[in-house]
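*Asks:* Below: one structure in structure tokens.
4 protein chains.
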Amino acid sequence: MRFFSDNAAAACPQVLDALAKANRIDTAYDGDQWSQRLDGAFSELFGKQVRALWVTTGTAANCLGLATLCPPHGSILCHEVAHIEVDEAGAPGFFTHGAKLTLLAGDGAKVSPDAVEDACARVRDDVHQVQPAALSITNATEYGLSYQPDEVAALGEVARRRGLGFHMDGARFANAIAFTGADPADVTWRAGVDVLPFGFVKNGGMSAEALIFFDPAKAEIVPRLRKRAGHLLSKGRYLAAQILAMLEDNLWLTNARAANAAAAALAKAAGDRLVFPVEANELFVRMTADEAAAIRSQGFDFYDWSPGDIRIVTSWDQDMDAVARLAAAIEAL
Amino acid sequence: MRFFSDNAAAACPQVLDALAKANRIDTAYDGDQWSQRLDGAFSELFGKQVRALWVTTGTAANCLGLATLCPPHGSILCHEVAHIEVDEAGAPGFFTHGAKLTLLAGDGAKVSPDAVEDACARVRDDVHQVQPAALSITNATEYGLSYQPDEVAALGEVARRRGLGFHMDGARFANAIAFTGADPADVTWRAGVDVLPFGFVKNGGMSAEALIFFDPAKAEIVPRLRKRAGHLLSKGRYLAAQILAMLEDNLWLTNARAANAAAAALAKAAGDRLVFPVEANELFVRMTADEAAAIRSQGFDFYDWSPGDIRIVTSWDQDMDAVARLAAAIEAL
Amino acid sequence: MRFFSDNAAAACPQVLDALAKANRIDTAYDGDQWSQRLDGAFSELFGKQVRALWVTTGTAANCLGLATLCPPHGSILCHEVAHIEVDEAGAPGFFTHGAKLTLLAGDGAKVSPDAVEDACARVRDDVHQVQPAALSITNATEYGLSYQPDEVAALGEVARRRGLGFHMDGARFANAIAFTGADPADVTWRAGVDVLPFGFVKNGGMSAEALIFFDPAKAEIVPRLRKRAGHLLSKGRYLAAQILAMLEDNLWLTNARAANAAAAALAKAAGDRLVFPVEANELFVRMTADEAAAIRSQGFDFYDWSPGDIRIVTSWDQDMDAVARLAAAIEAL
Amino acid sequence: MRFFSDNAAAACPQVLDALAKANRIDTAYDGDQWSQRLDGAFSELFGKQVRALWVTTGTAANCLGLATLCPPHGSILCHEVAHIEVDEAGAPGFFTHGAKLTLLAGDGAKVSPDAVEDACARVRDDVHQVQPAALSITNATEYGLSYQPDEVAALGEVARRRGLGFHMDGARFANAIAFTGADPADVTWRAGVDVLPFGFVKNGGMSAEALIFFDPAKAEIVPRLRKRAGHLLSKGRYLAAQILAMLEDNLWLTNARAANAAAAALAKAAGDRLVFPVEANELFVRMTADEAAAIRSQGFDFYDWSPGDIRIVTSWDQDMDAVARLAAAIEAL
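Protein chains in written order, with numbering that gives the first Met the number 0: chain A, 0 to 332; chain B, 0 to 332; chain C, 0 to 332; chain D, 0 to 332.
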């Protein structure tokens, strides 16, 4: 009974079906009929003309996006526990040719407008200091919190005033939308977001993420950067088909709701043990090493976070019986 | 009836079956049971302990490999029509942080030992000139020729003497082996090759290539480089499973033989029109624009190469009736 | 009466004399008689065989040195106000092809062994996280404190244990030695330092810094990196001659002592207003905006540091009458 | 009697005088009175508002300029013996973050409009191929030929049509102007040139080159790139003063004329032995190894170029008696 990572979950059946249906001859790279439908599908979802490209990983999606927002001599403001800072092996430095990450503090891995403003204000506008060029937030955050549209809009306002490109790491964007019920447009482009890596792999996909540019003109260079980074698959139709399957009948939202529901059930059981409010599919739970061992001995698997805390991640296909048993085990501590 | 590119072909059924079988919960990234079997499977195939990693594209495989052989201030010797020079959007420069490609001439896109030796001899050993650090060849070549083991060994000998790392782009390695009947070991590590991107996608795979290091010690940094380049898929088991399926019962060789057989049948028909001997699954055929139009009007699709030449590529699943009809159409010109 | 920056000071007469003496035909780049004497001169100073190269800026010296210690996918631990972090426009990211700076806290811009150890301990040893590869300290620090040999040795011990290369930014190395009276060997290679940019420009030089490698074998690549970065001057003898002039009769130490003496006189006057102990040629003095304006109105020029603090920097040629007058003005506040 | 390289020559007296005059306290970096006069001085010389920055090497000037014209994923067209290709240790790849050099053939190291057009026409406009972004020529060329204004204008026209930035490596720009008598404006911005590294070091300078942008708006990022590359000297006034001294009374032209005159005298003596016309201060002379040895035995020093050819370079301060003796020695062969 794994509550370790949503990356460990299987792909959902509709994704496998889509692969089978796409398994025929078609134009290579992204010239096929599936890839050609991505722009349209996401434009419909977001209520405006967007440019959407498939890539295979969130790291690639994040860093290709950031490379369009930040020059090699600029800096990207992000939370100190942002995935791009902590868990991407320096990929932002690689894709941007050496740009810096400037780290911001904030509860629950959330970035506040004041933190952005302060970081900008601290930089002298001379050639000796690296100038901020972009702001990156993660939604849902690395600690499982979701941004409301007005929170993003306030950040977008600072970004606009400071001339920063605005990137939202949406590895768990679906979970955030499922939690807040926000219109995807309201929490992205209407709030000033320029680029959104929209995650599917953690949400029942197999190997395809979507990289969304809300201003297509700013995406012109991206197909070239994607190829140069070795990310232009020759049989791209198998990626596009996965994404289209996830969009059909809002499967992405259905899957995310299922994962969130599992997390909510566990959150209720965890009660005061929760380190952060549970607003997506991740829980951080205070637990001594002995307590964690006790839970594990009942067959549950999860991640030791920091001393005294564990992390539980639920998936689109989480067995609700197992969830109930884990909830009971936590309550019984 | 497409003879345009082996990238356009479908994935073979065994690959789709493998995806279905791997569709279960397992450790993320490359900690799963399939990924963990790759080293062993390729070590068996090559008759020595090797390190094997999955990646999604030949460009990524080539450039991750080259990045281990050539420093940012070095140069990679390759043929002037090598895929890494002509069709990878500058990816070698990206992955190596600015290394140069030094271009060599040679019939049929083949590199000769003399060409390598001459290129090295032309470089002054001082700080003003970029020093050669690696040799890259493509097998089968971009013009569809295959290297014999002794040809590779002669190149390996120059590489060793000149201190060059030796990279073989094996996007169509299977087709080369199917043509020459060589032992894969004889045409690679026994001949001095250090790194082999072993292609599967053009040969019936969906989205997985293997990157083989014949000296595992030299591959230690590669998992880190792969992650940093955004190429570490979180559900890597779906890549490893594809590759293992292609290795089972030598499916890779069966598929390549089928593609080669189709090419051979067309080569016989093309006769004196052939620009190069056909030693894999590509044909370059002299044909006027009118002749090409006549063939196309019969429903055949292929690539206009240079003025007066067309390129035909056959696939693992080429319909042999269509091949016979195309052969007849060419003979009838 | 400028107390703004030691970069604003003139070059000392011996440096200009050296330029005049070197103004004759000689081999280009670093093949000349002056450049060829650098290794020997610094080997004598440090009591071991070293490799010494001229460069024109501290930024170039720092970053060429760091590029030999940290791969593109590694990180450099340094103080959060280190010059390489704050005032080099992202040059470390450029020269290392994207390595990260990991920031450490510490009083007076000093780095402690515990801070290094803690930063290393926080990093998981997996491919997702950037691994620490080098430690960089500044001596004298950005806040004018000097390291004692045992302090450096304690850092060197952590660096050795953690496998970190050890870089000392010596832009004001002369001032640190002048203050501590330490043997230059004891505070560098005997304490584990691998690379030392040894500053001369702030200390009476014109345009030449020395980049010292305590293990010549690790410097082999540096002449190539220097050329590739456009830092191999064609008439290098004019740089080497400056440095040799600064080494002759320990002029570097004489100049630094003069600057330190001026700072010490001012420190005495500043008393409780000092933010940090004065152990080199920089003073940080608590002063209201009105007080600062009052001092400035008497003809003194200095830098507003943070609100409520000013920075004073003294130079090798500081007029001691002016120093006395500034001291009196501060005391009179 | 050295005829080896103009880099070996001394700096001219006016340059040393300028250093002495600038040897006083002033603002650091490029805030001083000399640096602030560069834009004006070159704007006057070129008859339009330009942006002019000092740097210490031609390599840095070339590559900072190219970095403004070519993105990391683009290519720079240049002659196959261009200095940026042959003698800058891969610096273009470093400063551009991995851009390619696409090599053109051409007599005397000259680039023709047809060669540029052909190179552009060969590139498919898709994401797989690196797109040309800039054209670079050298004036005077690496083989000592000078471009006439109409030749540059013809290249500028192709560059404009193909959307290429236009860079002129002017390491020996003075010698080219001295030979052609052209208005500097006619051979640069009026002919479409965007960026000119204007060389002084080979022409009697010590350590300062000027980097000229004919459209100041396109130079905005350059001070930042210069700093990031470690090329912002803290006492920049000593570079600016050198350049201003070289501009005063057209000293740069006087020096270049002297060097050219020495070359012309030798060219007359070499007669049919000349490999290329002599249009600047370099001669390539056919000479057997025995003949070269005979000349050397008389005390003359020069460079062995390719087998059967030697290279002679004259300098601003070439002793005309020595020139006459060398001319006689060549005639006597």
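For glycine and all other residues, C-beta sits at the position ideal for the given N, C-alpha and C.
Considering only their Cβ atoms, is the gap separating P131 of chain C from G73 of chain C smaller than 8 Å?
*Replies:* Closer than 8 Å, so yes.
*Asks:* Name the two residues that bound the continuous alpha helix (DSSP H) containing I242 of chain A.
*Replies:* Where I242 of chain A is concerned, the enclosing alpha helix (DSSP H) stretches over R236 to L246.
*Asks:* Comparing alpha-carbon positions, which option in D:V221, D:A321 and D:G143 lies nearest T67 of chain D?
*Replies:* Considering only alpha carbons, the answer is D:V221.
*Asks:* Nearest to S4 of chain D by CA position, among D:E330, D:G307, D:F299 and D:A331, is which residue?
*Replies:* Among D:E330, D:G307, D:F299 and D:A331, the Cα nearest to that of S4 of chain D is on D:F299.
*Asks:* For chain A, check one thing: does any of its Cβ atoms lie closer than 8 Å to the Cβ of V126 of chain D?
*Replies:* Yes, V126 of chain D counts as interfacial toward chain A.
*Asks:* Using the rule of at least 16 other Cβ atoms within 10 Å of the residue's Cβ for burial, across every protein chain shown, is Q317 of chain B buried or exposed?
*Replies:* It counts as buried.
*Asks:* Does R223 of chain D come within less than 8 Å of chain A when only Cβ atoms are used?
*Replies:* Output row for R223 of chain D: interface = yes.
*Asks:* According to DSSP, what are the bridge partners of G107 of chain A?
*Replies:* Per DSSP, none; premise fails for G107 of chain A.
*Asks:* When you compare only the Cα positions, how much space is there between E219 of chain A and R50 of chain A?
*Replies:* For E219 of chain A and R50 of chain A, the distance between alpha carbons rounds to 9 Å.
*Asks:* Keeping to the same chain, check which residues put their C-beta closer than 7 Å to that of P71 of chain B; ignore five residues upstream and five downstream.
*Replies:* Hits under 7 Å: T95, H96, G97 and A98.
*Asks:* Measure the C-alpha to C-alpha separation of W33 of chain D and K20 of chain D and round it to an integer number of angstroms.
*Replies:* The straight-line gap from Cα to Cα measures roughly 11 Å.
*Asks:* Within its chain, find whatever has a CB closer than 7 Å to the CB of K201 of chain B; leave out the 5 residues flanking it on each side and keep chain order.
*Replies:* Around K201 of chain B: D5, N6, A170 and R171.
*Asks:* Can you say whether D226 of chain D is buried or exposed, counting buried as having 16 or more other CB atoms within 10 angstroms of its CB?
*Replies:* A small correction: the amino acid at residue 226 of chain D is Lys; Asp does not occupy that position in the sequence shown. Per the 10 Å Cβ criterion, buried.
*Asks:* Going by C-alpha distance, which of A:S206, A:R159 and A:G180 is nearest G191 of chain A?
*Replies:* Cα-wise, what sits closest to G191 of chain A is A:R159.
*Asks:* Span of the beta strand (DSSP E) holding P222 of chain B?
*Replies:* Careful: P222 of chain B lies outside any beta strand (DSSP E), inside the alpha helix (DSSP H) at V221 to R227.
*Asks:* Starting from the C-beta of D113 of chain B, find all residues in its chain whose C-beta is less than 7 Å away, skip the five residues before and the five after it, and write them out in chain order.
*Replies:* Taken in chain order, the list of residues that qualify is empty.
*Asks:* Out of A:F212, A:T101, A:L134 and A:S314, which has the shortest C-alpha to C-alpha gap to A152 of chain A?
*Replies:* Of the candidates A:F212, A:T101, A:L134 and A:S314, the one whose C-alpha sits nearest the C-alpha of A152 of chain A is A:L134.
*Asks:* Please classify E43 of chain D: is it buried, with 16 or more other beta-carbons within 10 angstroms of its beta-carbon, or exposed?
*Replies:* E43 of chain D is exposed by the Cβ-count criterion.
*Asks:* Rounded to whole angstroms, how far is the Cβ of A266 of chain D from the Cβ of N280 of chain D, which I believe are closer than 8 Å?
*Replies:* 10 Å between Cβ atoms; not a contact.
*Asks:* How close, in whole Å, do the beta carbons of E87 of chain B and C77 of chain B come, if the pair is a contact with beta carbons under 8 Å?
*Replies:* Not confirmed; about 11 Å, so no contact.
*Asks:* Shortest alpha-carbon distance to Y146 of chain C belongs to which of C:E116, C:D106, C:V126 and C:G164?
*Replies:* Per the Cα distances, C:D106.
*Asks:* Counting C-beta neighbours from all protein chains within 10 Å, is the total for Q205 of chain A 16 or more, i.e. buried, or is it exposed?
*Replies:* Looking at the sequence shown, residue 205 of chain A is not Gln but Met. The residue is buried, with at least 16 neighbouring Cβ atoms inside 10 Å.
*Asks:* Return the first residue and the last residue of the beta strand (DSSP E) that D308 of chain D is part of.
*Replies:* Residues D308 to V312.
*Asks:* Is DSSP giving S206 of chain B helix, strand or coil here?
*Replies:* Three-state DSSP puts S206 of chain B in coil, outside helix and strand.
*Asks:* Give me the chain A residues within the contact set of P71 of chain D, using Cβ-Cβ distance strictly less than 7 Å, ordered along the chain.
*Replies:* What P71 of chain D touches in chain A: H96.
*Asks:* Using a Cβ-Cβ distance under 8 Å, would V85 of chain D count as near chain B?
*Replies:* True, the Cβ-Cβ gap to chain B drops below 8 Å.
*Asks:* According to the neighbour-count rule (16 or more other Cβ atoms, all chains shown, within 10 Å of its Cβ), is Q335 of chain A buried or exposed?
*Replies:* For chain A, the structure presents residues 0 to 332; residue 335 of chain A sits outside this window and is missing.
*Asks:* For F301 of chain C and chain A, any beta-carbon pair shorter than 8 Å?
*Replies:* No, F301 of chain C does not count as interfacial toward chain A.
*Asks:* For Y28 of chain B, which beta-bridge partners are listed by DSSP?
*Replies:* Paired residue(s): B:K234.
*Asks:* Please look up how many angstroms separate the CB atoms of S314 of chain A and A8 of chain A, rounded, as I've assumed it's under 8 Å.
*Replies:* About 4 Å; that satisfies the 8 Å criterion.
*Asks:* Just checking: is the beta-carbon of R36 of chain C within a distance shorter than 8 Å of some beta-carbon in chain D?
*Replies:* R36 of chain C does not count as touching chain D.
*Asks:* Determine which residues share a DSSP beta bridge with P71 of chain A and list them.
*Replies:* Its beta-bridge partners do not exist; DSSP assigns none.
*Asks:* For P131 of chain A, name the three-state secondary structure that DSSP assigns.
*Replies:* DSSP places P131 of chain A in strand when its eight states are reduced to three.
*Asks:* Determine, using beta carbons only, whether R227 of chain B comes closer than 8 Å to chain C.
*Replies:* Yes - at least one Cβ of chain C is within 8 Å of the one on R227 of chain B.
*Asks:* With distances taken Cα to Cα, identify the nearest neighbour of L238 of chain A among B:A260, B:D214, B:V122 and B:A207.
*Replies:* Answer by Cα proximity: B:A207.
*Asks:* Under a three-way DSSP split, which group does V278 of chain D fall into?
*Replies:* Residue identity differs from the one stated: residue 278 of chain D is Glu in this sequence, not Val. E278 of chain D: coil per DSSP, three-state reduction.
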